[in-house]
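Peer 1: Provided herewith is a single structure, encoded as structure tokens, for subsequent inquiry.
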Amino acid sequence: MNTQLDMDKIAKGLGAERREKITASGGYFGAMQILADIQARFRVPSGGGRPTDRGWTERRLLPLAPRTLKRLEEITAKIREQGRVNVEPMQLAALLLEKTTDQLSEDDAEKLIRPKRRARR
Amino acid sequence: MHCYVRSVYIDRSVAKRRTKAPAKGRVVLTRGRKRVLVVPFVPSVERDGTTSIDQERWVDATLEMFGRVFGGATAYPKAKGIWRDDEKGGALVRDEPVVVHCYTTPDDIQDDGNLAELGAFCRTMGREARQGEIGLVIGDEYFAIHDFGEE
């Protein structure tokens, strides 16, 4: 993700020392972030049922490839094995979709739109 | 090559009902997106590695500050951490930090007033919780604050 931040300005403003570049979006750390998110947000509904985010009240059809569903099933199976939380594959999909949408920059969004506009000309 | 597609139901958060159509489809993209992740670490022990600090108080204070200045934050469950104190002969300090995540905009994180407030908060926590260093990840870079002097 290209954030185009002025890191020197940030360091000066904070009174901090710049150390090193990090990548914290994938791998084990990324997985742990997802897990922590699920634990922090999913609650058992008062009327019973599986834990969910109470803010998720809308339902829509989402097309996806079998390999994507398989990957989601594998990840949620591992989470269940660890006994952390009983999350379903499509709940994980919804969480990932929400996080990605929140993080999508204006530039990223425009890049998604641009090829369609060109194709229409 | 065949591409099979399966449709399933998913949940999603409630979208606010739009009252006015966005002009030319661009208005929705003009506001800054919260795409910069800021991650402070709230320690559990002092620099000596044994004296506990009031971590809950500092987690609450961190959330309150991020909520007020940047619009929100999430504190995760306790993690396990280790830090090498080079000023004390490389002694290893073990603790159970709480990691806080805050998504904000490039403008907000580079705002002079916001940076001053965030820096002041980190220095206060470092000073009062007797830390050797306060660590902060912003975007894709780690920042370290050592000087906890009052301004």
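Protein sequence lines, in the order shown, are assigned to chains A and B. When we follow the numbering used here, the leftmost residue of the first sequence carries the number 1138, and every step to the right adds one. When we follow the numbering used here, the leftmost residue of the second sequence carries the number 3, and every step to the right adds one. Ideal Cβ positions, reconstructed from N, Cα and C, are used throughout, including at glycine.
1) With a cut-off of 8 Å, do at least 3 Cβ pairs link the stretch 104–116 of chain B to the stretch 45–56 of chain B?
2) Taking a Cβ distance cut-off of 9 Å, strictly less, list which residues of the stretch 1206–1229 of chain A are near chain B, in chain order.
3) Just to make sure I have the definition right: I need the residues of chain A whose C-beta is within less than 8 Å of the C-beta of Ile-147 of chain B. Which are they?
4) On the three-state DSSP scale, how would you describe Leu-31 of chain B?
5) With a threshold of 8 Å between beta-carbons, can Leu-1142 of chain A be considered close to chain B, or not?
6) Counting contacts by CB-CB distance shorter than 8 Å, is Ala-118 of chain B in contact with chain A?
7) Classify Gly-91 of chain B as buried or exposed, calling it buried when 16 or more other Cβ atoms lie within 10 Å of its own Cβ.
8) What did DSSP end up calling Leu-117 of chain B once you bin it into helix, strand or coil?
9) Using the Cα positions of Leu-1206 of chain A and Ala-122 of chain B, report the straight-line distance between them to the nearest angstrom.
10) Between the C-alpha atoms of Gly-151 of chain B and Asp-1239 of chain A, what's the straight-line distance to the nearest angstrom?
11) Would you mind reading off the limits of the alpha helix (DSSP H) that contains Thr-1205 of chain A?
12) Examine the Cβ distances between the stretch 113–120 of chain B and the stretch 81–97 of chain B and report whether three or more of them are shorter than 8 Å.
13) Taking 8 Å as the limit between beta carbons, can you name the residues of its chain near Thr-53 of chain B, skipping five residues before and five after?
14) So, for Glu-1210 of chain A: in the same chain, excluding its five sequence neighbours on each side, which residues have a beta-carbon less than 6 Å away from its beta-carbon?
15) Can you give me the Cβ contacts of Arg-129 of chain B inside the same chain, cut-off strictly under 6 Å, excluding the 5 residues immediately before and after it?
16) Check each residue of the stretch 98–123 of chain B: if its Cβ is closer than 7 Å to any Cβ of chain A, include it; give the result in chain order.
17) Could you check if Leu-1249 of chain A is buried or exposed, using at least 16 other CB atoms within 10 Å of its CB as the buried criterion?
Peer 2: Reading from the atomic positions:
1) no
2) Leu-1206, Pro-1226, Met-1227, Gln-1228
3) Within the second sequence, the letter at position 145 stands for residue 147 of chain B. Ordered by position in chain A, the residues that pass the 8 Å Cβ test against Ile-147 of chain B are Leu-1151, Gly-1152, Ala-1153, Glu-1154.
4) By 1-based counting over the second sequence, the position of residue 31 of chain B is 29. Reliability fails at Leu-31 of chain B, whose pLDDT of 43 lies under 50, so the model's placement of it is uncertain and the value that follows must be treated cautiously. Leu-31 of chain B: helix per DSSP, three-state reduction.
5) Taking the first sequence and counting its residues from 1, the one referred to as residue 1142 of chain A is at position 5. Answer yes: the Cβ-Cβ gap between Leu-1142 of chain A and chain B drops below 8 Å somewhere.
6) On the second sequence, position 116 is the one that residue 118 of chain B refers to. True, the Cβ-Cβ gap to chain A drops below 8 Å.
7) Counting from one through the second sequence, the residue named residue 91 of chain B turns up at place 89. When all chains shown are included, Gly-91 of chain B counts as exposed.
8) Numbered from its first residue, the second sequence carries residue 117 of chain B at position 115. In the structure shown, Leu-117 of chain B sits in a helix (DSSP, three-state: H, G or I).
9) Along the first sequence, one-based indexing puts residue 1206 of chain A at 69. Along the second sequence, one-based indexing puts residue 122 of chain B at 120. For Leu-1206 of chain A and Ala-122 of chain B, the distance between alpha carbons rounds to 46 Å.
10) Here residue 151 of chain B refers to the residue found at position 149 of the second sequence. Here residue 1239 of chain A refers to the residue found at position 102 of the first sequence. Each residue's alpha carbon lies about 36 Å from the other.
11) If you number the first sequence from 1, residue 1205 of chain A lands on position 68. Looking at the DSSP string, the run of the alpha helix (DSSP H) that includes Thr-1205 of chain A is 1203–1218.
12) no
13) Position 51 of the second sequence holds residue 53 of chain B. Closer than 8 Å at the Cβ level, and outside the excluded window around Thr-53 of chain B, lie Val-47, Arg-132.
14) Here residue 1210 of chain A refers to the residue found at position 73 when the first sequence is read from its first residue. Excluding sequence neighbours, Glu-1210 of chain A sits near Pro-1226.
15) If you number the second sequence from 1, residue 129 of chain B lands on position 127. Contacts found: Phe-150.
16) Tyr-105, Pro-108, Ile-111, Gln-112, Asp-114, Leu-117, Ala-118, Leu-120, Gly-121
17) Residue 1249 of chain A sits at position 112 when you count from the first residue of the first sequence. When all chains shown are included, Leu-1249 of chain A counts as exposed.
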